[in-house]
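The structure appears right after this line, and notes come after that.
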Amino acid sequence: MRYALLFGLIIALTGCAGMIRQHTKDLFLYQQTIVLAIADVLSFGEVNEETEDELYTYEELISKDCGALQSAAIQRMRGEELSDELKGEIFDNLDACERSVQDAEIYLVNNGFRY
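Residue numbers (our numbering): 21 to 135.
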């Protein structure tokens, strides 16, 4: 149910053209999947200290690079309108957000973590 709500909210997230809006939606869902996978590994996986530190570093990078996207989703869930400034920040950070998420996914896969 929660994700169904987020799907609906993210569609109108940036007010950008259809293709960018779809990419933004897909990226939001992708980063949520990877962040949840990291949380799952940290909560239930048996990892050494070095791996734990790496996973926390990836989670922090995603939070930093995808922060505007995450903030926008929260604002939309609250029924708030997004400022033009936040929309611009989302657009400006799409590439960095996507790179951070991809790097984290590669790390998970290369270290045998499934999600």
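Each residue gets a CB set at the ideal place from its N, CA and C atoms; glycine is no exception.
None of the values given here were measured: they were computed from a predicted structure.
Check	Outcome
For A124, which residues of its own chain have a beta-carbon under 7 angstroms away from its beta-carbon, when the five flanking residues on both sides are left out?	I54, I58, Y78, I82
Just curious, the alpha helix (DSSP H) that G87 is in, first and last residue?	87 to 97
Rounded to the nearest angstrom, how far is the Cβ of Y127 from that of E74, given a contact under 8 angstroms?	6 angstroms
Within this structure, are the beta carbons of L106 and A93 separated by less than 8 angstroms?	no
Among E72, S63, L49, whose alpha-carbon lies nearest the alpha-carbon of Q90?	L49
From V129, D104, G132, D115, pick the residue whose C-alpha is nearest to that of H43; which is it?	D115
Please classify S120: is it buried, with 16 or more other beta-carbons within 10 angstroms of its beta-carbon, or exposed?	buried
Given a cut-off of 8 angstroms, decide if L47 and C117 are closer than it, judged by their beta-carbon atoms.	yes
Using only CA atoms, which one of Q95, E109, F64, M97 lies nearest to D85?	E109
So, is R134 buried or exposed, given that buried needs 16 or more other C-beta atoms within 10 angstroms?	exposed
Buried or exposed: which applies to R98, given that a residue is buried once 16 or more other Cβ atoms fall within 10 Å of its Cβ?	exposed
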